[in-house]
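Working notes, structure below.
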Amino acid sequence: MRKKLTRQGNSAALVIDKPLLELLDLDAGSSVDVQTDGTSLLVRPVRSLSARRRAAFARALTETNRTWSDMLRRLANR
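For any residue, its number in the working numbering is found by taking its place in the sequence shown, counting from 1, and adding 1.
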């Protein structure tokens, strides 16, 4: 994909189109890590470890509730 840099004050900005933002689960407030090897740029989304842990916990909780819902209800009603 070829893009053009746009003027942003004394700097230049790279506009990322909506389909690409959605694909990477990014929005205008997202943090990205920008690195260079001297000839190219690498832009990566910053994903916090706690966000990954929350997502993993939510999946585990859903699976636990699905597997043990009857038993958990019986224990709660004792």
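Yeah, the Cβ is synthetic: ideal placement off N, Cα and C, and Gly gets one too.
- The three-state secondary structure of D28, taken from DSSP, is coil.
- In the displayed model, T65 falls within a helix according to three-state DSSP.
- In this structure, the beta-carbon distance from L27 to P46 falls below 7 angstroms.
- Here L6 has A13, A14, L15 as same chain residues with Cβ atoms under 8 angstroms from its own Cβ, once five neighbours each way along the sequence are excluded.
- For R45, the secondary structure class from DSSP, reduced to helix, strand or coil, is strand.
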